[in-house]
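Respectively, the protein sequence lines represent chains C, P and E. 104 is the number that this note's numbering gives to position 104 of the first sequence; each next residue is one higher, with no gaps. 1126 is the number that this note's numbering gives to position 126 of the second sequence; each next residue is one higher, with no gaps. 2290 is the number that this note's numbering gives to position 290 of the third sequence; each next residue is one higher, with no gaps. Worksheet: the structure to be examined is printed underneath.
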Amino acid sequence: MIWWKHNISFRSAQIDTLTIWLLRGGAGIAAALVLLILLFLAVESWPALRHISPERFLTDPSWNPGEGMYNLAPMVSGTLYAAGGALLLATPLGIISALFIAYYASPRSGVIYQRLVELLAGIPSVVYGFWGLITLVPLINQLHPPGASLLAGILILALMILPTIALTAHAALLAVPGEYLRGAAALGLSRWGMIRGVALPTAKTGIVAGIMLAAGRAIGETMAVLMVAGNVVQHATSLFDPVRTLTANIALEMAYAMNDHRAALFVSGLTLMLLVITLSGVAEWLVRNRHA
Amino acid sequence: MPETSVKSAHACRDRLAELVVYFVAFLVCAAFVWITGDLVRGGMAHLSWDFFVDSPRNAGRAGGIGSILVSTALILLVALMVALPLGWTVAALLAEYMPASGSFGYTVRHSLQVLAGVPSIIFGLFGNAFFSIYLGMGFSILSGGLTLACMLLPILVSTAEAGLHAVPDAYRQSAAALGMSRTATLVHLLLPVAAPALAAGLLLGIGRAMAETAALLFTSGYVDRMPGSLLDSGRTLAIHIFDLSMNVPGGDAPAHASALVLIIVLLLINMVAMRLTTGWQHRKITS
Amino acid sequence: MSSKKRSGSNTLESGQPIGQDNNGYTLGPMQAGPACCDPQPLIQVENFSLRYGAQIALDNITLDIYRGCITALIGPSGCGKTSFLSSINRLTDLIPGCRIAGCIRVDGSDIHHAACNVQALRRQIGMVFQKPTPFPLSIYRNIELPLREYGITRRADINVTVEQVLQDVGLWEEVHDRLDAPALSLSGGQQQRLCIARALALDPKILLMDEPCSALDPIASGVVEDLISRLCGRYTIVIVTHNLAQARRIANYAAFFWIKNHAGRLVEFGNCRQIFEAPAHELTAAYINGARG
């Protein structure tokens, strides 16, 4: 018995073949885009990397491109503090919001609250920054001048990533099989007991993936922190110190940067991109291996 | 009694949890009301018909946003004209022609996912290096539009692919049994049926593009005059808000109004997109 | 034009002389199969096997489908009847990992031959599925779409064909004034008749029907069944059915499938009278009488 092979592609109309090649071409362009971006970032960074060794980016005395000083450490710490603080604040609030929609709210108010969170997610970062500038910063200024500070950056960033965390956590909670919850109820667990004992552990990977996505978003955020965090190049020693993040650094100095300075900015951009790619890669891997 | 003390401890914990949850929900609602309230209050006063039509004068302190709206529309148009055909063809390929485990399809999907996560300032750097400098477009609407197209690609592809996947297989089988070529099936049957999902994805893309700022700072520039051609520099509404609030002292009032306009437009887009999506899902279930 | 003798089938039995018109029926009553001429095979299946990946769905099927007759494929669920049906118009090509062996000839030519044009093949073969699947377009467009695909673009021609096929399936009176209404607004039975009309629009030689009445209510089912009986003689029909009474009512030939060693096999093939009243194989008898399956 000879088994013949039949694959899916047809030997039929030529137009089908043409279509497939057209589609493949388009997909190739899309796939090549990432490589193109990495390529150009690398090409633009190269002049700096050629005669500035990598450690100098962290150990130079200061960030002063005019005098050849390229210490990115204050910006890196600014990014980490702002993103870290925002995550610390937004994660519990986001997860609790998701719990509210899933288990505590009545169906109608749950839907309204979910729409509200989705609307919050849709507000552009520039508008968040603007609101922070005119409302939040003067408020903080009254507490402890100047108002434009790490605290303002953390609060605004937290507002921005809270919807992401809430919506992904909600999706993860919805995916908890109904049988688990009914089993918990049958065992006499109270609502909080069921949430803590059954729902949250089951939805754990989805929630963590959402947090990683939000972290990537917080690290990559530019406009809002640019507008409210003060933009002084320094390591923050208190919540009320103004800081500058890597992204804000690029946005502020690109306009007039030349040669090595510009290349150094591209280096910081490249590192940022690789960091965010790693984070989203880990998040995706978590989601894919959810059932492992 | 150990049981009742455990029970009352549980009841206490439940009460506490419930209070915390309701409090957090209240906080979030309050934040939302605060932000929108501030924007509406500050912006309403400055809105007028002239505001929509006039060009900005005196660095934006006076006049309106007419030229800004035109620039925004042009940049959006350039971005969509490039991203839509590319995005929808990639989606058609992924949904209809690629087996789930093929390596080419996997690479394409994966690259798009990576693209979706890249921060917008990086797109700005790329756009500046590639479109503005390497391809010589300078600070222009064309350069900004092309950069935005790169950013919109992942959204358009994923929504269109989901829309095509949702078309029941029975239609494809019937069309194949009638001997229709795959191209004809795609063009005459699948795309029209998936059209609401594609439209919803398009609107989402438009919303994302309009909210974008960082990618356009170094690609389409800052000029607030009415653009004469695609190679002229132009600023979008989002950049206008940024400029007014950060660089122009006394620009708060027009910035408020611009922010209000931007939010209202985005709200409308989201509402229509949501209506289309639920309508499409409804049809999927009932057909 | 010689009849092939094969085990279990007897095409010239019960003394009906060939060629005699029988009371105005172009096809004789159920006893004899087509009486107007020697039954000629239109589809010849020789040692055909089909597998999905490692799972064998059909094992070594050999049978002939005769021109102009209704052949019923009967047997319990899961014994490959639908797979067999889908192999005839090569719809199995759409399933990844599907492998075949053996040969299927339609009108003399091997359908798996490299030179065979699959679309031309599928134009000759119409297929109707279990669940009515009209396209979510208007009634008119459902029939227009395949016609345009085959190059019939003149509006007048399309209108003629639309009216003709809708008359054939008995839908014309019901829908002629609302051809632009969405096809999904029709009832289940009407939708299935529309699907049959759509298949007939391409003027096929063969109609494959996969349990066309099983998703319909009894009244609609009866209407579709009458339609299928009327189509007999003009088209060669292969129908998969679980409803033995239906097979008895409308079919001329029956092929009985069964599962052996996890693969579908053909147990017996013959004309309907013989299969239902005097089956040669004990398994067939057991299935017909409801003792098995």
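By construction, the Cβ of each residue, glycine as well, lies at the ideal position given by its N, Cα and C atoms.
- Task: Indicate whether at least one CB of chain C lies closer than 7 Å to the CB of P:Ser1287.
- Result: Per-residue confidence for P:Ser1287 stands at a pLDDT of 43, beneath the threshold of 50, marking its modelled position as unreliable; the derived number appears in the next sentence. P:Ser1287 does not count as touching chain C.
- Anyone know if the C-beta pair for P:Ile1122 and C:Gly269 falls short of 7 Å? yes
- Query: When you compare only the Cα positions, how much space is there between E:Tyr2025 and E:Arg2230?
  - Reply: Confidence in E:Tyr2025 is poor, its pLDDT being 34 and thus under 50, which makes the residue's placement unreliable; the coordinate value appears in the next sentence. Those two C-alpha atoms are separated by around 11 Å.
- Which bits of chain P does C:Leu22 rub up against, with CB to CB less than 8 Å? Thr1089
- Please report the residue range of the alpha helix (DSSP H) in which P:Tyr1106 lies. Ser1103 to Gly1117
- If we cut at 7 Å on Cβ distances, does P:Asn1247 have a partner in chain C? no
- Buried or exposed: which applies to P:Thr1277, given that a residue is buried once 16 or more other Cβ atoms fall within 10 Å of its Cβ? The residue is buried, with at least 16 neighbouring Cβ atoms inside 10 Å.
- Report the neighbours of P:Val1021 on chain E: residues whose CB is nearer than 8 Å to its CB, in chain order. Correct list: empty, because the minimum Cβ distance to chain E is about 43 Å.
- Which same chain residues, not among the five before or five after P:Leu1289, have their C-beta less than 6 Å away from its C-beta? No information on residue 1289 of chain P is available, as it lies outside the stretch 1001 to 1287 that chain P covers here.
- Could you round the C-beta distance between E:Leu2042 and E:Ile2070 to whole angstroms and report it? I think they count as a contact, below 8 Å. Not confirmed; about 12 Å, so no contact.
- What residue does the beta strand (DSSP E) around C:Gly269 start on, and which one ends it? For C:Gly269, there is no enclosing beta strand (DSSP E); the enclosing alpha helix (DSSP H) has its first and last residue at Asn259 to Arg288.
- Backbone secondary structure at P:Ile1141 - three-state DSSP: helix
- Item | Straight-line gap, P:Ala1116 to P:Gly1127 (C-alpha atoms, nearest Å) | For P:Ala1116 and P:Gly1127, the distance between alpha carbons rounds to 16 Å.
- Task: Quick one: grab the DSSP three-state call for E:Lys2260.
- Result: strand
- Query: Counting pairs of Cβ atoms below 8 Å between the stretch 2185–2195 of chain E and the stretch 2112–2119 of chain E, do you hit three or more?
  - Reply: no
- Item | P:Ala1194 versus C:Thr245: straight-line alpha-carbon distance, rounded | 43 Å
- Please confirm if P:Ser1233 has its CB atom under 7 Å from at least one CB of chain C. no
- Query: Which class does C:Met254 belong to by DSSP, given the choice of helix, strand or coil?
  - Reply: coil
- Task: Taking C-beta pairs closer than 8 Å, name the residues in chain C that P:Ala1129 reaches, listed in chain order.
- Result: Phe40, Leu41, Val43, Glu44 and Phe266
- Item | Cβ distance (whole Å) where P:Gly1124 is taken to contact P:Thr1147 below 8 Å | 7 Å
- Item | Beta-carbon proximity list for E:Asn2023, same chain, < 6 Å, skipping 5 on both sides | Only weak support exists for where E:Asn2023 lies, its pLDDT of 37 falling under 50; the value from the coordinates is given anyway. The answer is none, since no qualifying residue turns up.
- Task: Could you tell me whether any Cβ in chain C is nearer than 7 Å to the Cβ of P:Cys1295?
- Result: Residue 1295 of chain P is absent from the structure shown; chain P starts at 1001 and stops at 1287.
- Determine the chain P residues that contact E:Thr2133 at a beta-carbon separation under 9 Å, and present them in chain order. Pro1168, Ala1170, Tyr1171, Gln1173 and Ser1174
- Query: Just reading off the alpha helix (DSSP H) that E:Cys2098 is part of, what are its end residues?
  - Reply: Element bounds for E:Cys2098: not the alpha helix (DSSP H) but the beta strand (DSSP E), Cys2098 to Val2106.
- Item | Below-7 Å beta-carbon distance, C:Val282 vs any chain P residue | Cβ-Cβ to chain P under 7 Å: no for C:Val282.
- Item | Helix, strand or coil at E:Phe2048 according to DSSP, with G and I counted as helix | Here E:Phe2048 sits in strand by DSSP.
- Query: Using a beta-carbon distance cut-off of less than 8 Å, what residues from the stretch 2111–2123 of chain E approach chain P?
  - Reply: Val2118, Gln2119, Ala2120, Leu2121, Arg2122 and Arg2123
- Item | Anticipated Cβ contact below 8 Å, C:Leu99 with P:Val1028, distance rounded | So it is not a contact: roughly 12 Å between Cβ atoms.
- Task: Quick one: which residues of the stretch 187–202 of chain C get their C-beta closer than 7 Å to a C-beta of chain P? List them in chain order.
- Result: Ser190, Arg191, Trp192 and Gly193
- Task: Compare the C-beta of P:Leu1189 against all C-beta atoms of chain E and say whether one is closer than 7 Å.
- Result: yes
- Query: Under 7 Å between C-beta atoms, does C:Val276 make it to chain P?
  - Reply: yes
- Flag this pair as yes or no: are the beta carbons of P:Val1108 and C:Ala31 separated by less than 7 Å? Taking 7 Å as the cut-off, the Cβ atoms of P:Val1108 and C:Ala31 count as close.
- Relative to the C-alpha of P:Leu1094, which residue among P:Ala1162, P:Trp1034 and P:Gly1145 is closest? P:Ala1162
- At a Cβ threshold of 7 Å, is P:Met1274 touching chain E? no
- Task: Name, please, each residue of chain P whose Cβ falls closer than 9 Å to the Cβ of E:Arg2198.
- Result: Ser1174 and Leu1178
- Task: Check P:Asp1232 in the structure and name its three-state DSSP category.
- Result: coil
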